[in-house]
Amino acid sequence: MTLVNPATGRFITDVEHSTIERVDEAVARATVAQQAWAALPPAARAAALRRFAAVVGDHVEELARLEVANSGHPITQARWEAGHVRDVLEYYSAAPERMLGAQIPVAGGIDVTFLEPIGVVGIIVPWNFPMTIASWGFAPALAAGNAVVLKPAEWTPLTAIRLGELALEAGLPEALFQVLPGRGPVVGERFVTHPGVRKIVFTGSTATGKKVMAGCADQVKAVTLELGGKSANVVFADADLERAAASAPSAVFDNAGQDCCARSRILVEESVLEKFLELLEPAVQAFRVGSPDDETTEMGPLVSAAHREKVRSYVPDGAPVAFRGTAPDGPGFWFAPTVLLPNRTDPVATEEVFGPVVSVLPFRDEADAIALANAGDYGLAGSIWTQNLGRGIRMSRAIESGNLSVNSNSAVRYSTPFGGFKQSGLGRELGPAAAEAFTETKNVFISTD
Ligand code: NAD
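The opening residue of the sequence shown carries number 78 in the working numbering; numbering runs sequentially from there.
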């Protein structure tokens, strides 16, 4: 497949796609590698992951530059992403020596549980955060004693391919972590149908996630799903409106809105709607959209021409645009940050746009805000702005969403659990329990008679 730079439209490289035969061969090799890996002393697996983290750390700039070219991410953010992969590996390098089972009181003997690795894990990654999302799967999966086959998205495979090489440079065993670029319906689907792949971690659209889940059902295969979102940023009249408005643009326009956690609906208490919009407008116009190579850029282009057309379809002529930011002209898949005042039921206010487009929707009171925040099938992230502590807690409990922040638009942290309610996902990644999600619990009773 031919890859082009989203900021310039210029050719980068061609990447060969894997065939089904190549996947089958990789799974066979992974199966052998996994058994040897799981048999190593826990401290040896921990040391190997620490070395992998260190090698990634030595290549942060190279990985970041690759992501700038392949995905159009601003360089400062791409550096953060590469550093995050290192941190995730370091965090889970502590896990092999902490895979604690339980000792349960029973009569006539002792009862203990073991957390056994599942075997070979298939990880399917989307194009919006190619390296970070890959690491949320492979780091805890390897830490728990599994082997990994990983499929990057068609448009953005370059950093994942490089991470596969760096794993070998760091001394990870051959075939333990294999990156297989290819098409979703070929490589991704073969991960799902291959009986030797015992768990799927899928991140992507809800529509594809449903297909993956149905495929896994056929073999009762374990599955974690991280899917779409339409998250609400809820601003009450008693909030620090200056702070809420100043931080709202980055909460939706970061990564050009191609973020599953994008706060793409701003819900504002109607008594302060006008004031909030007055504060939001200069913040949107000051949002720096430009060359991803520029150290001051906050937002780059969309990932492809086709994706820009999809985003554009949500803002047709005559759309209720309140105001817009700026974007460069010329080559590249640019789209200016756009603020809309639609009706609650308009598609742009209910569907995941996955671009720099935000809907501002007024609400009457707390009950109305809860109903509006919970409308729809998604439940991934969200923010609540209020100076009233009780209301902040009430809203956090009432919103059906996996990741909320009060008086902040917190990004994902590797040390806290991440995942969605409703059709935003199934299972959790990251946080202290993530490695356990890559194990089967085995109960053993040992008689003392
Ligand atoms: P997508 O569903 O089109 O593709 C995701 C991955 O699945 C790609 O690697 C693709 O090749 C593969 N795939 C496609 N068809 C497949 C099939 N039949 N079987 C197996 N694999 C298949 O999604 P996308 O457009 O790449 O990513 C955008 C979506 O991802 C958005 O909806 C976004 O919200 C979501 N996302 C969710 C999270 C999260 O953590 N919840 C994070 C990032 C992105």
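Yeah, the Cβ is synthetic: ideal placement off N, Cα and C, and Gly gets one too.
Just so you know, these numbers come straight off a predicted model, no measurement behind them.
| query | result |
| --- | --- |
| Is residue 270 near ligand 1, with its Cβ less than 6 angstroms from a heavy atom? | no |
| For residue 266, verify whether its CB is less than 6 angstroms away from any heavy atom of ligand 1. | yes |
| Could you tell me if residue 334 is buried or exposed, where buried requires 16 or more neighbouring beta carbons within 10 angstroms of its beta carbon? | buried |
| How far does the alpha helix (DSSP H) with residue 19 in it reach, from first residue to last? | Residue 19 is absent from the structure shown; the chain starts at 78 and stops at 526. |
| From the DSSP output, which residues share a beta bridge with residue 462? | 312 |
| Any chance the CB of residue 201 is under 6 angstroms from a heavy atom of ligand 2? | The ligand content of the structure shown is limited to ligand 1, which means ligand 2 is not among them. |
| Any heavy atom of ligand 1 closer than 6 angstroms to the Cβ of residue 288? | yes |
| Decide yes or no for the touch test of the stretch 136-143 against the stretch 275-283: beta carbon pairs closer than 8 angstroms, at least 3 of them. | no |
| In whole angstroms, what is the alpha-carbon distance linking residue 145 and residue 98? | 32 angstroms |
| Check whether the stretch 455-466 touches the stretch 305-313, taking contact to mean three or more Cβ pairs, one atom from each stretch, closer than 8 angstroms. | yes |
| With a CB to CB cut of under 8 angstroms and the five nearest residues on each side skipped, what residues in its chain are close to residue 237? | 202, 207, 208, 211, 227, 229, 256, 258 |
| Assess contact between the stretch 401-421 and the stretch 357-364, defined as three or more Cβ pairs (one per stretch) separated by less than 8 angstroms. Is contact present? | yes |
| Compute the distance between the beta-carbons of residue 426 and residue 433, then report whether it is under 7 angstroms. | no |
| In whole angstroms, give me the CA-to-CA distance for residue 451 and residue 184. | 48 angstroms |
| State the Cα-Cα distance for the pair residue 261 and residue 100, rounded to the nearest angstrom. | 12 angstroms |
| Taking 6 angstroms as the cut-off, does the CB of residue 204 come closer than this to any heavy atom belonging to ligand 1? | yes |
| Should residue 473 and residue 481 be called a contact, given that it needs their Cβ atoms to be closer than 7 angstroms? | yes |
| Are the CB atoms of residue 479 and residue 497 nearer to each other than 7 angstroms? | yes |
| Under 7 angstroms, do residue 129 and residue 244 count as touching if we go by C-beta distance? | yes |
| With a threshold of 16 other CB atoms inside 10 Å of the CB of residue 538, please say whether the residue is buried or exposed. | A question about residue 538 goes unanswered here, because the residues of the chain that appear run from 78 up to 526. |
| CB residue 396 to CB residue 217, shorter than 7 angstroms? | no |
| Using only the alpha-carbon positions, how far apart do residue 492 and residue 477 sit? | 21 angstroms |
| By the DSSP assignment, the beta strand (DSSP E) with residue 91 in it spans what residues? | 88-91 |
| Could you tell me if the beta carbon of residue 282 falls within a distance shorter than 6 angstroms of some heavy atom in ligand 1? | yes |
| So for residue 304, helix, strand or coil by DSSP? | coil |
| With a threshold of 6 angstroms (Cβ to nearest heavy atom), would residue 285 be considered close to ligand 1? | yes |
| Residue 457 and residue 501: beta carbons closer than 7 angstroms? | yes |
| Beta strand (DSSP E) containing residue 190: first to last residue? | 186-194 |
| Is the distance from the Cβ of residue 157 to the Cβ of residue 380 below 7 angstroms? | no |
| Whose C-alpha, out of 504, 523, 521, is nearest the C-alpha of residue 213? | 504 |
| What is the C-beta distance between residue 170 and residue 110, in whole angstroms, given that I count them as a contact (C-beta under 8 angstroms)? | Not quite, the Cβ-Cβ distance comes to about 18 angstroms (not below 8 angstroms), so this is no contact. |
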